[in-house]
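Each residue of the sequence shown is one higher than the one before, counting from 1058 in our numbering. Built from N, CA and C at the ideal position, the CB exists for glycine as well.
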Amino acid sequence: MASLRQLQASFSKFRHLVSECRASTRQPFETFADLAWRDGRGRITQARGRCLEISESGARITYSDRIALPAVMQIRTEHDGVVRTGRVRHCTPHGSQYEIGIEFCDPAALQTPAKT
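Here it is in structure tokens:
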């Protein structure tokens, strides 16, 4: 059975591979963000998180609780106040927080099912 250290190392390598496949490079973007999301059951939740990285195509957010997938999220960062909408692609435990990966999209595109 793989040890926790081996699993963490494997996850780190996987994350690096995924980041190399991004449409645009994410840049560090340490700022608070207002979050609003609709989960798969249609419930809307509003909260405050922290935006760690951002690009034209997505962002990495930390938040205190797990987000049920599938979910659509809007973020508005303190830094620029721009509202961005996207699909939550993952919600991964990271210490006492969860890291949320968001792929930005045109809100009109949300009328169609997500690609898997």
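Taking the Cα positions, Ser1153 is about 16 Å away from Cys1108.
Taking Met1130 as reference, the option from Gly1143, Ile1124 and Arg1083 with the minimal CA-CA separation is Gly1143. Secondary structure at Leu1167: helix, using DSSP grouped into helix, strand and coil. A direct Cα-Cα distance of roughly 21 Å separates Arg1095 from Ile1111. Linking Arg1098 to Arg1083 through their CA atoms gives a straight-line distance of about 30 Å. Nearest in C-alpha terms to Arg1133, of all of Ala1166, Gly1115 and Leu1092, is Leu1092. Excluding the 5 residues flanking it on each side, Glu1160 has same chain C-beta neighbours closer than 6 Å at Gly1115, Gly1143, Arg1144 and Arg1146, in chain order. In this structure, the alpha-carbon of Ser1121 lies about 6 Å from that of Tyr1155.
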